[in-house]
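**Student:** Following my numbering, the residues of the sequence shown are numbered contiguously, the last one being 205. Every residue, glycine too, gets a C-beta built ideally from N, C-alpha and C. The structure displayed is predicted, hence computed values, not measured ones. Quick one: structure below, then a few questions.
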Amino acid sequence: MKIVVGITGASGAIYGVRLLERLRRNPAVETHLVLTRAGEKTLFLETGSHAADLKKMVHYSYSPEDISCRLASGSFPVHAMVVAPCSIQTMSSIAAGIASNLLVRAADVTLKERRKLVLMVRETPFHLGHLRSMVALTEMGAIIAPPIPGFYNRPQTVLDLVDHSVDRVLDLMGVPDENVRRWDGPER
């Protein structure tokens, strides 16, 4: 199973990092990373990590300028793509079909090939233009999944909050983690 992970410059680089950590634990998953230049900067500012740290976690990584690579073609089969976090700029470019870099082109290919595309959009509040782009993307087949934490499992750490959103994304991509703590009604 091939999964493409895109990381943009939106705040929330930890979502992409944690998703890669979780995917790495699954031997059935081959990971492909596209990290934008703004994503590199945000990654460092928020986590102290460098692009090289993420590249060690994946099977393949690509420059965002490499629009001739295999991710830019529908003939290269992938199971799903997730953009975590997804900036408004990236979301809007995908919605408009403006493939100005590899991340947006790979998302465009994912949509045209009717594959799963999950966007962890990071912004608040949304204005009408953002919402219209989300509607357009949903109509095209994308899944808009902002990282919104749940509290029913009584999170104790920031990582618990991050994992809640990552767990949902793994489910949406069809790569569920059997160790996820799922809601099963109130404890008795």
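(1) Would you mind stating whether L178 and P166 have Cβ atoms separated by less than 7 Å?
(2) Using the rule of at least 16 other Cβ atoms within 10 Å of the residue's Cβ for burial, across every protein chain shown, is G146 buried or exposed?
(3) So, at 6 Å on beta carbons, what are the nonlocal neighbours of S66 in its own chain, with the 5 sequence-adjacent residues on each side left out?
(4) Helix, strand or coil, according to DSSP, for M98 in the structure here?
(5) Report yes if the CB atom of P81 is closer than 7 Å to the CB atom of N118, and no otherwise.
(6) Could you spell out where the beta strand (DSSP E) holding E47 opens and where it closes?
(7) Look at L120 and S78 and say whether their C-beta atoms are less than 7 Å apart.
(8) According to DSSP, is Y169 part of a helix, a strand, or is it coil?
(9) For T64, I'd like the list of residues in its chain whose CB is within less than 8 Å of its CB, leaving aside the five on either flank, ordered along the chain.
(10) Looking at C-alpha atoms only, which residue of M98, V95, A124 is the closest neighbour of S109?
(11) Assign S92 to one of three DSSP states: helix, strand, or coil.
(12) With 16 other CB atoms within 10 Å as the buried threshold, where does G114 fall?
**Tutor:** Working from what's here:
(1) Taking the first residue of the sequence shown as 1, we reach residue 178 at position 161. Taking the first residue of the sequence shown as 1, we reach residue 166 at position 149. Yes, the Cβ-Cβ distance between L178 and P166 is below 7 Å.
(2) Counting from 1 along the sequence shown, the entry for residue 146 is found at position 129. The residue is exposed, with fewer than 16 neighbouring Cβ atoms inside 10 Å.
(3) Sequence index remark: in the sequence shown, residue 66 carries index 49 (1-based). Result list for S66: L60, in chain order.
(4) Start at 1 with the first residue of the sequence shown, and residue 98 comes out as number 81. Note: M98 maps to strand in three-state DSSP.
(5) Counting from 1 along the sequence shown, the entry for residue 81 is found at position 64. Counting from 1 along the sequence shown, the entry for residue 118 is found at position 101. For P81 and N118, yes; Cβs fall inside 7 Å.
(6) Stepping through the sequence shown from its first residue, residue 47 is reached at position 30. Looking at the DSSP string, the run of the beta strand (DSSP E) that includes E47 is 47-52.
(7) Residue 120 sits at position 103 when you count from the first residue of the sequence shown. Residue 78 sits at position 61 when you count from the first residue of the sequence shown. No; because the gap between Cβ atoms is not below 7 Å, this pair is not in contact.
(8) Translated into positions along the sequence shown, residue 169 becomes position 152. Correct three-state label for Y169: coil.
(9) As a first step, residue 64 must be located in the sequence shown, where it is residue number 47. Within the same chain, T64 has close Cβ partners A30, I31, V34.
(10) By 1-based counting over the sequence shown, the position of residue 109 is 92. Per the Cα distances, A124.
(11) Here residue 92 refers to the residue found at position 75 when the sequence shown is read from its first residue. Three-state result, S92: coil.
(12) Numbered from 1 along the sequence shown, position 97 holds the residue referred to as residue 114. Exposed, because fewer than 16 other Cβ atoms sit within 10 Å of the Cβ of G114.
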